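Number of protein chains: 2
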Amino acid sequence: MGVTIKDIAKRLGVSATAVSKALNDRDDVSNELKVKVRKIAEEMDYSPNSLAKRLVTNKSNTIGVFMFSRQKNSGHDPFGFQFLSGIMEEANRNGYDIVLFSTDSDLLAEKSYIKLCKERKVEGAIFTGLRLDDPHLEEIKESPFPISIIDTEVKGNNVSFISTDNRKGVRLALNYLWKLGHRRIAIINGHKKAMVSHLRYNAYKEFLEEKGQFREELVFTGDFTERSGYLCGGKILELKDRPSAVFVASDLMALGVIKKFKEEGLKLPEEMSIVGFDNIFPGEFNEPALTTIGQNAFEMGVEAVNWVLKRINGEKGNKKILLEPELIIRDSCDTNQFQWLERVTAKS
Amino acid sequence: MGVTIKDIAKRLGVSATAVSKALNDRDDVSNELKVKVRKIAEEMDYSPNSLAKRLVTNKSNTIGVFMFSRQKNSGHDPFGFQFLSGIMEEANRNGYDIVLFSTDSDLLAEKSYIKLCKERKVEGAIFTGLRLDDPHLEEIKESPFPISIIDTEVKGNNVSFISTDNRKGVRLALNYLWKLGHRRIAIINGHKKAMVSHLRYNAYKEFLEEKGQFREELVFTGDFTERSGYLCGGKILELKDRPSAVFVASDLMALGVIKKFKEEGLKLPEEMSIVGFDNIFPGEFNEPALTTIGQNAFEMGVEAVNWVLKRINGEKGNKKILLEPELIIRDSCDTNQFQWLERVTAKS
DNA sequence: TTAGATAACTTTAACGTTAAAGTTAGGAGT
DNA sequence: ACTCCTAACTTTAACGTTAAAGTTATCTAA
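So the sequences go chain by chain: A and B. For the first sequence, my numbering gives the first residue as 1, with consecutive numbering after it. For the second sequence, my numbering gives the first residue as 1001, with consecutive numbering after it.
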């Protein structure tokens, strides 16, 4: 069908190997031949068959990507695309192809991720949104090729953990609220199947215990959806002794909480301060604009690729890469609590 | 390195071809052998080498995807991911792999999209966000493999156009505003390098000319960003004779317009009605919640894949697929204009 | 009984590329 | 004049799979 190396060889009266070498700029062919070959290749509109090349060199130059999106099909997972942009750019920059697998196709019902990857001969893989109860977790641990997992830590010889420093992020949020004078701070956490939920809960508990202010009854659990935030918001309002602030483990849930609070007539941020986590776009447009902890999703994708590439090249490198979170102050926290606290402290 | 068909063959004392046939469930091998082969394959953890298979069968089972994202890296393009979800699911459902190309890598500086695809032997490709001034447009027109282009129409033998029915969408929006009583309706359109901008402008002009209400001075042009919406909002406020409603050709811009209007103290929706286009997530959380025209991005991805697959299978099919837009009524339009209009009409 | 069919294989070659091991002519060194 | 070297190739084989064309032994039908 297409033009091959052989066609060029025939036309020039040389061997296919010579053409191959010329095209790859090897130093055991003359410059003359290189020039000729390139000219003819151009003329005949030759394009190399990467399948053949990959087969013979036993190098696929491919990275597999699996995205288990938190909110399937809804497009409410703006991180998915940001991860992917980072992955794509970094991979292509290094001459690697990205093969993307849908994580709820029939394919996965029959074959494991690892099997799928082996067939494609991918040199490495990247997972996002992997849950702690995933049935293939054991297999991942023993992967023969390197895997970067974003936001889920799986202990394995060939597996890395790429994430935001969640502990630091939570402390950034809580410390901000603390300095504003808040003492009763509730948490709305994500579901337990996400690794980050554990990290965030632990950091929350640690921080408040340090301050002697941890209260079991202020811990609420959602599932990262807006709806669940809305529901938890309702529960918070039912509390006899309401908190003055809520740390919400995802912006999407935070949006739901705020919706509920507004519906119930709360003045925001005066009557309740809220800090989210993620820094998704809609938070900027919410009223009040959402104060949150920003994650650099694009960069996480880049790091995920880099770790895999390092492994492929035989380097060892740290298996845990945590990016810096960032406190993004907008309008969802009451900044006057501080003055209130000062008055209280002055009195005592 | 890995286990091959030959290893299985050796172990069973049969030919490699027999093993291949058994694994592919051909009918010229005995059931006995099939059973044995499958057992051994499992036992040896065999996985087929798709590269070899693709090379010999001359079928790559791969579709290339290029996404020129409107807002690079910002993650403000929630459609990108929705398209992709649809593409991914439908492709994998049909046994096809998706290879994703970053559209601003060095790769593309050197090689054209088509060349990249040829090397990977993709059977078809999908483009999103392609601009009318793209330097490779001519090459796309003459593509040897089928290409679905989302939201940009390129006339070519092997090229299809997958989009929302933009004309219908615009008419849905304008008709809604018209029925609410609006007569001076401005438009903030996207830049001219996007095909949809032309379609939307034409539909806008057509509708208002039908009503004898088209005014050149009410046409504004942004570039799909929030910032440009904000700027156009300012220009609208400078008008001596203000419109009572604005149709904005993207939600992102609509958010910007609203921001500007609110900053300038306009009461919304009473003093200005706004309809967006796209139905992106943040619109729901805006105040007022954005009335808009919804596009089904997931389904557009699915259709794009389906067209390509049809072509691959030799079917002809329509080269233009338009999905139905949907009017999503929220709170950004003043519904009392209608009464006002009734009063006016009653008087005359 | 014997040609013909059929089931269940095997053999050969090919896909397009490259790695590894030749080959050859000409030049350098002594 | 001889060996040795080097540049610039060519030849052979391989990567793992499958298509196409054999090869048997056994069965079928008249």
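We treat Cβ as the ideally placed atom computed from N, Cα and C, and that holds for glycine. Keep in mind the model is a prediction, meaning the values are calculated, not measured.
query = Where does the unbroken alpha helix (DSSP H) through Asp-7 of chain A begin, and where does it stop?
reply = 5 to 12
task = Name, please, each residue of chain B whose Cβ falls closer than 9 Å to the Cβ of Ile-98 of chain A.
result = Ile-1098, Val-1099, Leu-1100, Phe-1101, Ser-1102
request  = Pull up the CB-CB distance for Val-308 of chain A and Pro-146 of chain A, whole angstroms please, since I reckon it's below 8 Å.
outcome  = 5 Å
ask   = Can you name the start and end residues of the alpha helix (DSSP H) that Leu-1137 of chain B belongs to?
value = 1137 to 1141
task = Just mark Asp-97 of chain A as buried or exposed, buried being the case when its beta carbon has 16 or more other beta carbons within 10 Å.
result = buried
request  = Find out if the Cβ-Cβ distance for the pair Ser-1160 of chain B, Ile-1329 of chain B is shorter than 8 Å.
outcome  = no
query = Is the region 1252 to 1260 of chain B touching the region 258 to 269 of chain A, taking contact as three or more C-beta pairs under 8 Å?
reply = no
message = Can you pull out the residues from the region 38 to 61 of chain A whose beta carbon lies closer than 8 Å to at least one beta carbon of chain B?
response = Ser-47, Pro-48, Asn-49, Ser-50, Leu-51, Ala-52, Arg-54, Leu-55, Asn-58, Ser-60
ask   = How long is the line joining the alpha carbons of Val-1170 of chain B and Gln-1295 of chain B, rounded to whole angstroms?
value = 12 Å
request  = Please work out which residues of its chain come closer than 8 Å, Cβ to Cβ, to Pro-1325 of chain B, disregarding the five sequence neighbours upstream and downstream, and give them in chain order.
outcome  = Thr-1164, Asp-1165, Asn-1166, Lys-1168, Gly-1169, Leu-1172, Ile-1293, Gly-1294, Gln-1295
message = With a threshold of 6 Å on Cβ separation, who are the neighbours of Ile-1162 of chain B within its own chain once the five nearest residues in sequence on each side are excluded?
response = Ser-1148, Ile-1150, Met-1300, Glu-1303, Ala-1304, Ile-1321
ask   = For the putative contact between Val-1122 of chain B and Val-99 of chain A, defined by C-beta atoms under 8 Å, what is the C-beta separation to the nearest angstrom?
value = Going by Cβ atoms, the distance from Val-1122 of chain B to Val-99 of chain A rounds to 11 Å, so no, they are not a contact pair.
ask   = Out of curiosity, what's the CA-to-CA distance linking Phe-1224 of chain B and Asn-1189 of chain B?
value = 8 Å
key: Partner residues on chain A for Gly-1080 of chain B, Cβ-Cβ distance less than 8 Å   = Phe-81
ask   = Using a C-beta to C-beta distance shorter than 7 Å, which residues of chain A count as neighbours of Phe-1285 of chain B?
value = Leu-255, Pro-282, Phe-285, Asn-286
request  = Identify each residue in the region 1189 to 1209 of chain B for which the Cβ-Cβ distance to at least one residue of chain A is less than 9 Å, and report them in chain order.
outcome  = none
Assigned exposure category for Thr-17 of chain A - 16 Cβ within 10 Å defines buried = exposed
request  = Work out the CA separation of Lys-1059 of chain B and Val-1029 of chain B for me, nearest whole Å.
outcome  = 24 Å
Alpha-carbon spacing of Gly-1095 of chain B relative to His-182 of chain A, whole angstroms = 55 Å
inquiry  = Please tell me whether Met-272 of chain A has its Cβ less than 8 Å away from any Cβ of chain B.
reply    = no
request  = Out of A:Val-3, A:Val-35, A:Lys-111, A:Gln-82, point me to the one whose CA is closest to Glu-1042 of chain B's CA.
outcome  = A:Lys-111
ask   = With a Cβ-Cβ cutoff of 8 Å, do Ile-1087 of chain B and Val-1056 of chain B count as a contact?
value = no
message = 8 Å is my cut-off, CB to CB: does Glu-1119 of chain B come that close to chain A?
response = yes
message = I'd like to know whether the C-beta of Lys-115 of chain A is nearer than 8 Å to at least one C-beta of chain B.
response = yes
task = List the whole-angstrom C-beta distance separating Ser-983 of chain B from Leu-1290 of chain B, where the pair is believed to meet the contact cut-off of C-beta under 8 Å.
result = Here chain B comprises residues numbered 1001 to 1348, so residue 983 of chain B is not present and cannot be evaluated.
ask   = Taking Cβ positions, are Phe-298 of chain A and Phe-1081 of chain B nearer each other than 8 Å?
value = no
task = Could you have a look at Glu-320 of chain A and say whether DSSP puts it in helix, strand or coil?
result = As written in the sequence, residue 320 of chain A is Lys, which differs from the Glu given in the question. It is a strand residue.
ask   = Any idea what DSSP makes of Ser-1197 of chain B, helix, strand or coil?
value = helix
Within-8 Å CB hit, Met-1088 of chain B to chain A = yes
query = What residue from A:Lys-39, A:Lys-310, A:Ile-236 has the CA that sits closest to Ile-274 of chain A's CA?
reply = A:Ile-236
key: Environment of Gly-1075 of chain B [buried if 16+ CB atoms lie within 10 Å]   = Residue confidence is low: Gly-1075 of chain B scores 48 on pLDDT, short of 50, so the model does not pin down where it sits. No coordinate-derived value is stated.
query = Nearest-angstrom Cα distance between Lys-36 of chain A and Gly-2 of chain A?
reply = 20 Å
query = With burial defined as no fewer than 16 other Cβ atoms inside 10 Å of the residue's Cβ, what is the status of Lys-118 of chain A: buried or exposed?
reply = buried
request  = Compare the C-beta of Asn-31 of chain A against all C-beta atoms of chain B and say whether one is closer than 8 Å.
outcome  = no
inquiry  = Contact defined as beta carbons within less than 8 Å: I believe Lys-34 of chain A pairs with Asp-25 of chain A. What is the distance between those atoms, to the nearest angstrom?
reply    = 7 Å
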